[in-house]
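These notes concern the structure reproduced below.
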Amino acid sequence: MRWLIDFLTSSIGKKLVMSLTGLFLISFLVVHLLGNLQLLIPDGGVKFNIYAKFMTTNPIVKFLAIGLYTGILLHTVQGILIVLGNKKAKGSKYAVSTYENGSWMSKNMGLLGLLILFFLCVHMGDFWYKMKFTDQMPMVTYDGVVMKDLYTAVYTSFSQVWIVIIYLIGLVALSLHLLHGFQSAFTTLGLRHKKYTPLIKLMGIGFSVAIPALYALIPLWVLIKEAANY
Amino acid sequence: MKLEANVPEGELAEKWKKYRGSMNLVAPNNKRRLDVIVVGTGLAGAAAAATLGELGYNVKCFTFHDSPRRAHSIAAQGGINAAKNYQNDGDSIYRLFYDTIKGGDYRSREANVYRLAECSTEIIDQAVAQGVPFAREYGGLLANRSFGGVQVSRTFYARGQTGQQLLLGAYSALSRQIAKGQVKMYNRHEMLDLVKVDGKARGIITRNLLTGKLDRHAAHSVVLATGGYGNVFYLSTNAMGSNVSAAWRSVKEGALFANPCYTQIHPTCIPVSGEYQSKLTLMSESLRNDGRVWVPKTVEDAQAIQRGEKRAEDLPEEDRDYYLERRYPAFGNLVPRDVASRAAKVASDEGKGVVKTGLGVYLDFAAAIERYGKSEAFAAGIHNPSSEKIRELGEAVVKSKYGNLFQMYEKITGENPYKTAMKIYPAVHYTMGGLWVDYNLQTNVPGLFALGEANFSDHGANRLGASALMQGLADGYFVIPYTIGTFLANEIRTPKISNDSPEFHDAEQRVKNRLDQLLAIGGNQSVESFHRRLGKIMWDYCGMSRNAEGLKKGRELIRALRKEFYEDVYIPGSADEFNPELEKAARVADFLELGELFAVDALDRGESCGGHFREESTENGEAKRNDAEYTYVSAWEWDDNNPVLHKEELTFENVELKTRSYK
Amino acid sequence: MKLTLKVWRQKNNTAQGHFENYQVEADEHMSFLEMLDVLNQELIEKKEDPVAFEHDCREGICGACSMVINGRPHGSQAGTTTCQLHMRAFKTGDTITIEPFRANAFPVIKDLAVDRSSFDAIIQAGGYISVNTGQAPDGNAIPIEKDLASEAFDAATCIGCGACVAACPNGSAMLFTSAKINHLGKMPQGQVEHGRRVKNMVRVMDKEGFGKCSNVGACEVDCPKEISTDNIAALNRYYLGQVFGGQD
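Encoded structure:
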């Protein structure tokens, strides 16, 4: 197992962890979005709440969720370690800073990552924590089955402007993080070729803009709808 | 002193083979006990250190650079010759030998040159095996191109960066031995003196350039591969750090310096643009394949151009003088370097120069662009192409051949050479002279060897293009590893050389005193200003065209400058710190002596040969060699007032001495 | 042209550095280093300490020159070393900030000169083909595809100046290391010990204290020889292949 330890402590090994966890989290973004878009279905939250119950109780999903938490943790801890290590390797900064030789996001992945982490804490504290560990959730009954009304909780939350602003900031950070991270993950895996790399880059940009935009649609939609109700 | 060249007996073609097969060898167990110092990590030094390490010697290798890879061999552009005859065009070892002897104007040693030609083929094999990415054909085999002055295509190349690739090959071999512990590498250590014990070279004194600390390094033998002395001219294509000090310190310890006046002036360099100029940049000789050299026919036009009122393209054909084509119809723009350089000087001296300083001629690609453009248009089936179309197609062809050179020219001058003619002027490029060595590359000091440009051995009075890389690597990879054995075989009973002997302490003290002396002068003029002035004297009196009166005057001026240097130079800082000005001062002090010897040698050689042109020795305006009186190597013993000349007569048993003619 | 130079002055590695302002009169045809020569001559005339900077060939190939000009290693002109950068790229009245290459693996020696011997260490770890002098077969014994030789050459043009490390916000040496690995690894003669070379060179690169690549790409932009980050991607691929598919 010596080889594995050597590998995981090598610079490329550490980057591989970032790349693989990053790609895993990217795939989660898609799944999570598809589920959440159900919030926009005008059925008073029936489909969404059933989906939410399934996601919090199904043993397979629960198992997968452990993978997700591990992924987030690894990506975060490893990322922080890499940023700190690189800061040390760089020593001091230049008096004149420039983005002519590299995009702002690529040079600020650590900062963007922390913003996303902060957003994640707010987000999970608001829903995931309340849903799983408290009884502050409103309840609802469908066909005699009592379940937590996450739909209402979301609508209550997103009708507050400051929450929506935090979400928007988080999603912009996510978008910028992805703009660099998506294609960077492929490079770290060594997947680069003049024939298909332009396609990866294009997909990366599309993904980084579209996914956060769709996510952003939800709180904005709720905010506007709730405002219209008054 | 009788100079023994130690050339082995036998037929020319058999000498090296037989000698190699019968010379004394050092057994592997003894190699382990022998220490060798190699100074310099260019092609010759890196190749020698790596190979000696592979053989099992304990090698200590020194460079004043921060890394072995920075040696100036890295800047060689064009290529490396080898008698492979891959092109089936009639090349052979003999032909390469003959071309080199003739190109050197019959002033080199036959046996050495023949050995060089023999080794040339092995160099290519070795370099390929090391991973040097030579240019290749579509079939995957090695490509060749032709170079000035020869009729076969034998030059191997890696775009315009052949020197870089070959040096990185040698550097990688050296790095491998460093990693194995066979070679101990000392970066940023400059050799400041040679140490002799009982008449034999046994070590060197170095200065750690970061801390200023002096160290005594002892070994059984010392190999110098420290390059040429072109920087005695201040402005040259050499790197800023290139210097003669290691060789010159050895001369001070009794080694002889051979043929110092043989200097190669390269015809195609970018002209000097102003007083601040620190170095000159070469544009590869290959450009003369397609560029036409010219100046205006009248001085009036030239002056208008110098003032910036006219440009090359304003002059109609009939007002241009394509002087190389006019004077040398047989070779035209492809005459050898020395001939092309002198012709450019003549044109400029007549007042027809085309740059502000008056020192420059045109190298014009307009005709080539048009010719290529037309043939491309024809090939593409375009009938009646417009002149813009022809230009566009032609420029593309020229770009594919010389793109990187054109780009470099534009970076330096700010002018686009596709649109307006290039301006070029000759510049000092290479020095054929160097430490006198015998067939074994051993100097007259036993145990002291000299390789590559640092020795005088193979190029005579003029070096052919693409031969410097060949010689450096031949010496380092294939000659010294054998010939050093002729000396070391007799040293196997010599115990480890101590660096604690009086000789070493004396030498260290000598160095310390010299540095203290320089620092103590405390005058008012910078080292750089003295170097510049020395260069100007050298160029004016010992440059492309020399005469007795000028050489005498030049010598006096150098002596006066040297005196002034020791009275008025100012060096900031101290000896025990990182002090580039002090390094430079010690080097310039040596140049101030070598420069004088240069003038003395040039004065002694009353003939014109190769790079050495004496105005007194001409015939119909062309250089005239004098074989009856000057078929010898001038090996000089230094003396402050009267350097002593030792002659090694050159005998030619295999080639007939002919006059070079390119008319 | 009149220029204001803001130059980093640092007596030695342990001393505290600071910026010093100088006025200098330059000519547009000067190279950047010749402009610094002018400054140094003036300083020497005033018996002040000249600015230390490294330089040698002054034609863009030795890799000695190393400074950061207005935030960019070798200045902002593409494919150009400091020694090839000419003053016509600036205009009168400009203030130019000049700093040393910054990276922990390149400690400052004095002013603008840094120690880059960590690069030698990386090469010594495997940047060679193990062939002794005299062991080579004929140069044409192994045909090599023209395009492959050309790609190897592109990687081999690295001059070891360290601009990649200096440009990298992480101080990573991946471009340097990967260029050498690709130069040798692309050709059949370099394939034999490719796996060993990849592992050993990466190990020493890490040991020398360089940072980790995060694919910013600044190295490629500021490389005076315009070496591509494709080399880095290829090295990642080789390394993963070697770790998960290799023998040891």
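Residue numbers (the working numbering), protein chains in the order written: chain A, 4 to 233; chain B, 68 to 730; chain C, 670 to 917.
Where a beta carbon is used, it is the ideal one built from N, C-alpha and C, also for glycine.
Within the segment 255 to 279 of chain B, Leu-277 place their CB atoms closer than 7 Å to a CB of chain C, listed in sequence order. Taking 7 Å as the threshold, the shortest C-beta distance from C:Gly-744 to chain A does not fall below it. Only Ser-700, Leu-702, Glu-703, Met-704, Asp-706, Val-707, Asn-709, Gln-710, Leu-712, Ile-713, Glu-714, Lys-716 from the segment 700 to 716 of chain C bring a Cβ to less than 9 Å from some Cβ of chain B. DSSP places A:Val-33 in the helix class (H, G or I) of the three-state scheme. With contact defined as three or more Cβ pairs closer than 8 Å, the segment 476 to 485 of chain B and the segment 748 to 765 of chain C are in contact.
The three-state reading of DSSP puts B:Arg-226 in coil, since its state is none of H, G, I, E or B.
Counting C-beta pairs with one atom in each stretch, the segment 315 to 327 of chain B and the segment 348 to 366 of chain B have fewer than three that are closer than 8 Å, which means they do not touch. Across the segment 791 to 809 of chain C, CB contacts with chain B closer than 9 Å involve Ile-792, Gln-793, Ala-794, Gly-795, Gly-796, Tyr-797, Ile-798, Ser-799, Val-800, Asn-801, Thr-802, Gly-803, Gln-804, Ala-805, Pro-806, Asp-807, Gly-808, Asn-809, in sequence order along the chain.
For B:Glu-121, the C-beta contacts it makes with chain C under 8 Å involve Asn-801, Thr-802, in order along the chain.
For A:Met-142, the beta-bridge partners assigned by DSSP are A:Lys-151. Boundaries of the beta strand (DSSP E) around B:Trp-703: 699 to 704. Within the segment 93 to 105 of chain A, the residues whose Cβ lies closer than 8 Å to some Cβ of chain C are Lys-93, Gly-94, Ser-95, Lys-96, Tyr-97, Ala-98, Val-99, Ser-100, Thr-101, Glu-103, Asn-104, Gly-105, listed in chain order.
Contact between the segment 345 to 363 of chain B and the segment 298 to 307 of chain B is present: three or more C-beta pairs spanning the two stretches fall below 8 Å. Distance from the CA of B:His-679 to the CA of B:Gly-145, rounded to the nearest whole angstrom, comes to 23 Å. For A:Ser-14, at least one C-beta of chain C is nearer than 7 Å to its own C-beta. For B:Ala-521 against B:Thr-293, the beta-carbon gap comes to about 5 Å, under 8 Å, which counts as contact.
Annotation: Cβ neighbours of A:Leu-192 in chain C (cutoff 8 Å, chain order): Asn-905, Arg-906, Leu-909.
The Cβ neighbour count for B:Lys-630, taken over all protein chains shown within 10 Å, is under 16; the residue is labelled exposed. At a cut-off of 7 Å between C-beta atoms, B:Phe-473 does not count as an interface residue with respect to chain C.
Residues of the same chain with a CB within less than 7 Å of the CB of B:Ala-369, apart from the 5 flanking positions on each side, are Val-362, Pro-363, Gly-418, Lys-419, Gly-420, Val-421 in chain order. Here the C-alpha atom of B:Glu-616 lies approximately 14 Å from the C-alpha atom of B:Ser-684.
Scanning chain A for C-beta atoms nearer than 7 Å to the C-beta of C:Gly-740 yields Tyr-97, Val-99, Ser-100, Thr-101, reported in chain order. Boundaries for B:Trp-606: no beta strand (DSSP E) harbours it, while the alpha helix (DSSP H) harbouring it runs 594 to 609, taken from the DSSP string. When CB distances to chain C are screened at a threshold of 8 Å, not a single residue of the segment 65 to 81 of chain A falls below it. Within its own chain, the residues whose Cβ lies closer than 8 Å to the Cβ of B:Ser-408, once the five positions on either side in sequence are excluded, are Ile-332, His-333, Pro-334, Pro-493, Met-611, listed in chain order. Restricted to the segment 80 to 166 of chain B, the alpha helix (DSSP H) segments that are unbroken, complete and at least 4 residues in length are 95 to 98, 110 to 122, listed in chain order. One alpha carbon belongs to B:Thr-130, the other to B:Thr-108, and they sit about 6 Å apart. With respect to chain A, the C-beta atom of C:Glu-768 has a partner C-beta closer than 7 Å. Runs of the beta strand (DSSP E) lying entirely within the segment 737 to 812 of chain C, each at least 3 residues long, are 764 to 768, 777 to 779 in chain order. For a cut-off of 8 Å, the C-beta gap from C:Arg-865 to C:Gly-795 is around 6 Å, short enough to register as a contact.
Excluding five sequence positions before and after B:Phe-597, the CB atoms of its chain that fall closer than 8 Å to its own CB belong to Leu-628, Glu-631, Phe-632, Val-636, Val-655, Leu-659, given in chain order. Taking C-alpha positions only, A:Gln-41 is separated from A:Met-140 by approximately 19 Å. Listed in chain order, the positions of the segment 871 to 904 of chain C with a beta carbon within less than 8 Å of a beta carbon of chain A are Val-871, Arg-872, Met-874, Asp-875, Gly-878, Phe-879, Gly-880, Lys-881, Cys-882, Ser-883, Asn-884, Val-885, Gly-886, Ala-887, Val-890, Asp-891, Thr-898, Asp-899, Ile-901, Ala-902, Ala-903, Leu-904. Where A:Trp-131 is concerned, there is no enclosing beta strand (DSSP E), because DSSP gives it neither an H nor an E. Between A:Tyr-102 and the set C:His-863, C:Pro-742, C:Gly-686, the nearest pair of CA atoms involves C:Pro-742. The beta carbon of A:Pro-215 is closer than 6 Å to those of Leu-174, Leu-177, Ser-178 in its chain, skipping five residues each way along the sequence.
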